[in-house]
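Novice: Below is one structure. I have some questions about it.
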DNA sequence: ACAAATAAAGTTGCACGCAACTTAATTGCA
DNA sequence: TGCAATTAAGTTGCGTGCAACTTTATTTGT
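Chains as they are written, first to last, in UniProt numbering: chain A, 1 to 143; chain B, 1 to 143.
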């Protein structure tokens with residue numbers, strides 16, 4: 001009888017836990033901006049693509065399919081953060097583009113990364129190396 | 001204008017991505033057992049507590065509240081994996097206990113950790129140290 | 001040129017996760 | 001003792017994630 005089936009031994013459980021902890025950590029700050037956690041991650045991409053980005057490209061950066069993104073973006077459109085317009089050169093494609101309201105929201109979010117970083121108790125070097133380790137894991141698993 | 005608001009710089013995004021990747025990695029194997037990913041994590045705890053465990057204690061090990069756990073356990077009860085019985089000495093408490101079917105399912109799960117470990121491309125040492133780093137992070141964040 | 005294959009986005013249905021709340025039982029304290 | 005506070009579990013409502021599917025548009029091969 002191996003003890004491999006122990007919760008404490010499982011990497012997957014730590015990732016499951018940490019992700020939930022992160023959500024809960026961000027939730028109250030994001031609530032002030034009127035954003036959920038996945039919406040915030042989407043905004044991080046959109047703030048780097050103010051000229052607009054297709055749902056497909058947004059999804060590939062967030063690793064989300066249209067089944068998740070379409071309703072999420074629809075809610076953000078209702079909030080007035082972005083517009084969704086079909087591309088005239090290829091009517092299959094929908095371009096997501098931040099409104100003025102969506103763009104200026106970035107200023108209210110500037111303080112968040114620093115604040116969250118402080119809570120992790122990591123040094124910048126430790127954060128950097130952990131990020132690289134996790135990136136390697138992402139590559140290995142997603143091949 | 002800082003570049004802290006970059007998706008690629010965010011630890012939270014890596015944890016978000018990796019957790020989803022883990023779910024997708026486990027999903028097909030767990031489907032053979034008729035389990036979802038959170039149900040599998042619950043089974044890991046229950047296999048270590050065949051004498052039974054309260055919903056509260058199970059929740060504290062999984063870091064889940066009754067709002068999530070109650071319906072999840074109800075579904076697993078329907079599947080015949082466990083029973084839920086109110087404790088006679090304290091009628092507030094519900095004891096979750098695996099059925100025979102739930103207990104013997106462990107045998108079908110024995111191969112999973114090894115299989116999943118192989119995919120990570122980690123050495124045992126690397127896995128160990130990563131687990132410790134993540135544990136430290138969990139402690140720092142959840143205080 | 002045109003039918004088959006492919007691609008992009010959206011819809012549906014289900015299982016979480018969690019905030020906010022309700023219900024029922026137990027504890028604690030004046 | 002009696003009643004307020006606390007505790008355990010469950011319910012409700014909403015926002016993801018994702019599988020499976022549909023719809024519409026474009027591309028590909030002959």
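Beta carbons are placed, not taken as given, at the ideal position from N, Cα and C, and that holds for glycine.
Enumerate in chain order the residues of its own chain whose CB-to-CB distance from residue 9/B is below 8 Å, with the five nearest sequence positions on each side excluded.
Specialist: Against the second chain, residue 9/B aligns to sequence position 9. Cβ neighbours of residue 9/B beyond the five flanking positions: 3.
Novice: Going by DSSP, name the residue or residues bridged to residue 86/B.
Specialist: By 1-based counting over the second chain, the position of residue 86/B is 86. 94/B.
Novice: If I measure Cβ to Cβ from residue 41/B and keep anything under 7 Å in the same chain, skipping five residues before and after, which residues do I get?
Specialist: Stepping through the second chain from its first residue, residue 41/B is reached at position 41. Cβ neighbours of residue 41/B beyond the five flanking positions: 62.
Novice: Taking 6 Å as the cut-off, is the CB of residue 139/B close to at least one heavy atom of the ligand FAD?
Specialist: No copy of the ligand FAD appears in this structure; indeed no ligand is present at all.
Novice: Give a yes or no on whether the minimum CB-CB distance between residue 108/A and chain B is below 7 Å.
Specialist: Residue mapping note: residue 108/A aligns to position 108 of the first chain, counting from 1. It does not: the Cβ of residue 108/A has no partner Cβ on chain B nearer than 7 Å.
Novice: Residue 45/B touches chain A at which residues, Cβ-Cβ below 9 Å?
Specialist: In the second chain, the residue the question calls residue 45/B occupies position 45. Those are 7, listed as they occur along chain A.
Novice: Note down, one range per segment and in chain order, each beta strand (DSSP E) of at least 3 residues found wholly within the UniProt domain "HTH marR-type" (8-139) of chain B.
Specialist: Qualifying beta strand (DSSP E) stretches, in chain order: 82-86, 94-98.
Novice: When you compare the CB positions of residue 82/B and residue 96/B, do they come within less than 7 Å of one another, or not?
Specialist: For the purposes of this step, residue 82/B is identified with residue 82 of the second chain, where counting begins at 1. For the purposes of this step, residue 96/B is identified with residue 96 of the second chain, where counting begins at 1. Closer than 7 Å, so yes.
Novice: Cα separation between residue 138/B and residue 21/A?
Specialist: The sequence position of residue 138/B within the second chain is 138, counting from 1. The sequence position of residue 21/A within the first chain is 21, counting from 1. Straight-line Cα distance between these residues: approximately 8 Å.
Novice: Taking just the CA atoms, how far does residue 67/B sit from residue 91/B?
Specialist: If you number the second chain from 1, residue 91/B lands on position 91. If you number the second chain from 1, residue 67/B lands on position 67. Their Cα atoms are separated by approximately 19 Å.
Novice: Are the C-beta atoms of residue 141/A and some chain B residue less than 7 Å apart?
Specialist: Stepping through the first chain from its first residue, residue 141/A is reached at position 141. With 7 Å as the cut-off, residue 141/A counts as an interface residue toward chain B.
Novice: Less than 7 Å between the C-beta atoms of residue 19/B and residue 15/A, yes or no?
Specialist: Position 19 of the second chain, counted from the first residue, corresponds to residue 19/B. Position 15 of the first chain, counted from the first residue, corresponds to residue 15/A. Against a cut-off of 7 Å, the Cβ pair of residue 15/A and residue 19/B comes out as a contact.
Novice: Residue 34/A to residue 43/A, Cα distance in whole Å?
Specialist: Numbered from 1 along the first chain, position 34 holds the residue referred to as residue 34/A. Numbered from 1 along the first chain, position 43 holds the residue referred to as residue 43/A. Near 12 Å, if we compare the C-alpha coordinates of residue 43/A and residue 34/A.
Novice: Alpha carbon to alpha carbon, how far is residue 142/A from residue 60/A?
Specialist: Along the first chain, read from residue 1 onward, the residue named residue 142/A stands at position 142. Along the first chain, read from residue 1 onward, the residue named residue 60/A stands at position 60. Whole-angstrom Cα-Cα distance: 12 Å.
Novice: Kindly indicate if chain B contains any beta-carbon less than 7 Å away from that of residue 18/A.
Specialist: Along the first chain, one-based indexing puts residue 18/A at 18. Closer than 7 Å: yes.
Novice: May I ask you to list, following chain order, the residues of the stretch 57-70 of chain B that have a beta carbon less than 9 Å from some beta carbon of chain A?
Specialist: Under the 9 Å Cβ criterion, the stretch 57-70 of chain B contributes 61, 62, 63, 64.
Novice: Does any residue of chain B have a CB that is nearer than 7 Å to the CB of residue 138/A?
Specialist: As a first step, residue 138/A must be located in the first chain, where it is residue number 138. Yes, contact with chain B.
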